[in-house]
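The listed protein sequences correspond, in order, to chains D and S.
When we follow numbering that gives the first Met the number 0, the leftmost residue of the first sequence carries the number 0, and every step to the right adds one.
When we follow numbering that gives the first Met the number 0, the leftmost residue of the second sequence carries the number 0, and every step to the right adds one.
There are 2 protein chains.
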Amino acid sequence: MIRNRDRKEAAPASTMQRIVILGGGFGGLNAAVALRRADAEVTLIDRRNFHLFQPLLYQVATGGLSPGDITAPLRGILRKQKNTKVLLGDAVDLDAVNRKVILKDGGTIPYDSLIVATGARNFYFGHDAWAADAPGLKSIEDATEMRHKILYAFEAAERESNPDKRRAWLTFVVVGGGPTGVELAGALAEIANDTLRHDFRDIDPTDARILLLDGGARLLAAFPEELSLKAEKALLKLGVRTRVHVSVTGIDAHGVDIQTANGPDRIDSGTVLWAAGVAASPWGKVLSERAGATLDRQGRVLVEPDLSIKGHPEILVVGDLSHLDGADGKPLPGVAPTAMQQGAYAARILTGAKREPFHYFDKGTLAVIGRAAGVAWFGKLRFSGFLAWLAWLFIHLMFLVGFENRVLVFLQWGFQYFTFHRGARLITGPGEGGLDKT
Amino acid sequence: MIRNRDRKEAAPASTMQRIVILGGGFGGLNAAVALRRADAEVTLIDRRNFHLFQPLLYQVATGGLSPGDITAPLRGILRKQKNTKVLLGDAVDLDAVNRKVILKDGGTIPYDSLIVATGARNFYFGHDAWAADAPGLKSIEDATEMRHKILYAFEAAERESNPDKRRAWLTFVVVGGGPTGVELAGALAEIANDTLRHDFRDIDPTDARILLLDGGARLLAAFPEELSLKAEKALLKLGVRTRVHVSVTGIDAHGVDIQTANGPDRIDSGTVLWAAGVAASPWGKVLSERAGATLDRQGRVLVEPDLSIKGHPEILVVGDLSHLDGADGKPLPGVAPTAMQQGAYAARILTGAKREPFHYFDKGTLAVIGRAAGVAWFGKLRFSGFLAWLAWLFIHLMFLVGFENRVLVFLQWGFQYFTFHRGARLITGPGEGGLDKT
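Structure below.
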């Protein structure tokens, strides 16, 4: 058993402000970095020892990049920041009265100000059992599990003689037509059409069926309609069939039950991938129970204009866990730029800046569809195709943490672009190459 | 359930020779590649979908490289080789009379000639229970588990207030002073002295104790004595203490029990790494029971001068699983060059070459000790230091499969050399960042 040391508490009370940050994602890490010159004692707590660049998780899931390429050790990023301490720990509860965060192992971390940036998790609309057969895409482990499922399906198809079963192994269903679903479906199509094209002897990977399901009226609901249509066309060109107005009623190891305008239907598939829903992290509930926060239907915390919880100006909630309405009356989007801007804002107001309402600066939205195609939406500027893809490439490389990661990712994308090769096609994890997972 | 298709058997009998290869390591893959122009039907069976460059596994275990960097998909390597089929399968038994390999799922694969190249596995001298607390280094999963243990130990030390427990977390024991043990210990020292140097606030990673234990009289027993001494000195300079004539009598989660010339002793340590022993793969036993092969004490198959099993000229055993004495009367070393040469030899004699005795061409042996130091032994040429390190670098890059991998590894080594940075320092796997693994 490791117990958290409380030496800091035993020492003479510091007069310096103690700022505790929960979560080392885009929001929390940006807050920490923005506090680098602050006259404060900063503690960043995360369950993992690394920052994860979530927008590229789907590239790990599809064998294009390695986990190490899109992660950076939190300690490494903050090593030179002497006022900041990184703690590998699982914060599970809050004592809002005595201002202490409680860790799973019983340790407590006192704070003067608290920034909660614990983000979101996969959400199956109440059907948690679906998670076993339809992995979502929030963690590195999610991504390697998806990679396992995808690559294994082709292996299983190669060994299957029953044509129906083989067809099911070659059927890939992506549930959810947001940016993650669109990007996943596009990458899947590339794997089937290009990467694996000549790899098998008894199946033709280009026979793979890739279905993208969405419950709404169109893909990329947050984008303007013209870009949704362009995305659907680009996907169709790659061989991805989009089905809208489809709701999923069941998922098991052999396929998906759906409800369509024409009634119920069934899709036999060995590989169902979940990109449909996220819910707030359990810290929503903690803040509601311990600090009286109000939650929305997705479990996000309704925050004041300064990102604080009503009655608790010392607790700020940033990123995917927070719900703040934008100028258009809709909640700010759960994307990296929102979290980053909120993290930096939280750092500013905790170090003396006036508590003017947080204002989100929308830098635009992007999604890519396979190789060299994409849709982009920067306010009035809307474009698609190669230019959108280039913009996506540039922006993602720019924000990827670590010079080394940037160079490695850039190189691997270069290789992929010219050779269709995906270097990280490993089937790893439990079950010795997945052979027992049939 | 996936069943293996037996369509090939149902089809009209082919007149082409069917060559089945078990294992896609150095031996099996080299045999397959050497058969690329053979008038034969080649099937390569492996439980994993990738070839693993084992000599660099310790770099994955120490966060220097990602799993994807030292692996290459078998299908990708062999995609253009139209006479060769890759089968993801677990070969568990043999019908030597009817010449069939039996898979775990019940499928059978008929052969005319069989190349068994299933290699070696970790061996704990009969104490299999030690595996839980002292991972070995044979698979990618072994390497990420080791990485987990090493990085987590520093995290645990940072959180530990009890000085004895903290010291145990900062004590790293490597069991076995062969090339793998020496390389691991050297890399561990670099992590502690350089990579993590400024990462913590309450511990000083340079306080870490790294102990390298060996049961024999000196490190690198297979090398000339002068190089053993040079290796020991180079390790000492990095802060690694070598203890020879030490046998391990127990391993648990909190340390190692040892027997020395001065009697029994105990080393408290949170991180024990196993580099002491390998044994032949279970196929030694299969060949002994089904084809009458004779095994040596390590379970390796005693092969004829043409690598076949007595009475079964159609079964060849190559690589770590085979035992053939060299010109000096000692068994050929269980290293990659032996396996590669034997794989190529097997391919030659199965395609009509005369069965002249296999002759091993010793290209020399190398081991590196941390950054820019090493020992090399090329026949009469023996050297150490920077030159040996450069030779090691060059040779390993040369044999790494895949141009992309070579470039990526070269770049990452360049980064490491100039910045001491190790990019792949992820704590991944079960237990959410290892927090439950205390």
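Backbone N, C-alpha and C define an ideal beta-carbon position, used for all residues, glycine too.
DSSP, read as helix, strand or coil, puts D/V408 in helix. Proximity of chain S to D/E154 at the Cβ level (cut-off 8 Å) is accounted for by N48 and L87, in chain order.
The stretch 159 to 173 of chain S makes no contact with the stretch 341 to 361 of chain S, as fewer than three CB pairs between them are under 8 Å. The beta carbons of D/D319 and D/G328 sit no closer together than 7 Å. Residue state for D/Q297 is assigned as coil, using DSSP reduced to three classes.
Among the residues facing chain D, S/F122 is not included, as its CB has no counterpart in that chain under 7 Å away. Cβ contact annotation for D/A33 (same chain, cutoff 6 Å, sequence separation greater than five): A343 and A346, in chain order. Contacts with chain S (Cβ-Cβ distance below 9 Å) from the stretch 182 to 210 of chain D involve T194, L195, R196, H197, D198, F199, R200 and D201, listed in chain order.
No Cβ-Cβ contact shorter than 7 Å links S/L64 with S/R424. DSSP places D/D163 inside the alpha helix (DSSP H), whose first and last residues are P162 to W168.
Here D/R74 is buried. Its C-beta has 16 or more other C-beta atoms within 10 Å.
With contacts defined by Cβ atoms closer than 7 Å, D/N82 and D/V115 do not form a contacting pair. Between S/A279 and S/R296, the gap from beta carbon to beta carbon reaches 7 Å or more. Using a Cβ-Cβ distance cut-off of 8 Å, the stretch 212 to 229 of chain D and the stretch 90 to 101 of chain D are not in contact, since fewer than three pairs of beta carbons, one from each stretch, lie closer than that value. In the three-state reduction of the DSSP assignment, D/H420 falls in the coil class, being assigned neither a helical nor a strand state.
For the 7 Å CB-CB criterion, D/V172 and D/V96 do not form a contact. The Cβ atoms of D/N48 and D/P72 lie closer than 7 Å to each other. Note on D/G363: under 16 other CB atoms within 10 angstroms of its CB, so exposed under the neighbour-count rule. Using a Cβ distance threshold of 7 Å, D/L43 and D/V85 count as a contacting pair.
Distance from the CA of S/F124 to the CA of S/L136, rounded to the nearest whole angstrom, comes to 15 Å. At least one C-beta of chain D is nearer than 7 Å to the C-beta of S/P66. At a cut-off of 7 Å between C-beta atoms, D/K84 counts as an interface residue with respect to chain S. Boundaries of the beta strand (DSSP E) harbouring D/W376: G373 to F377, taken from the DSSP string. Taking a C-beta distance under 7 Å as the contact criterion, D/L365 and D/A375 qualify as a contact pair. The beta-bridge partner set that DSSP reports for S/W273 consists of S/V174. Residues of chain S with a Cβ closer than 7 Å to the Cβ of D/F414 are, in chain order, E403. Put simply, the CB of S/R74 is near chain D, with a gap under 7 Å to one of its CB atoms. By the criterion of a C-beta distance shorter than 6 Å, D/G269 is surrounded in its chain by A152, A167 and W168, once the five residues flanking it on both sides are discounted. Counting the other CB atoms within 10 Å of its CB gives D/M145 a total of 16 or more, which places it among the buried residues. In the three-state DSSP reduction, S/P223 falls in the coil class, being neither helix nor strand. With respect to the 7 Å criterion, S/L211 and S/G180 are classified as neighbours on the basis of their beta carbons. Listed by position along chain D, the residues whose Cβ is nearer than 7 Å to that of S/V400 form an empty set, because the closest Cβ is around 11 Å away. DSSP places S/P263 in no alpha helix (DSSP H) but in the uninterrupted beta strand (DSSP E) bounded by G262 to D267. Close to chain D, meaning a Cβ-Cβ distance shorter than 8 Å, are the following residues of the stretch 110 to 140 of chain S: I139 and E140. At a Cβ-Cβ threshold of 7 Å, D/I266 and S/T427 do not count as neighbours.
Taking the Cα of D/S246 as reference, the smallest distance to any Cα among D/V174, D/R200, D/D104 and D/P134 is reached at D/V174.
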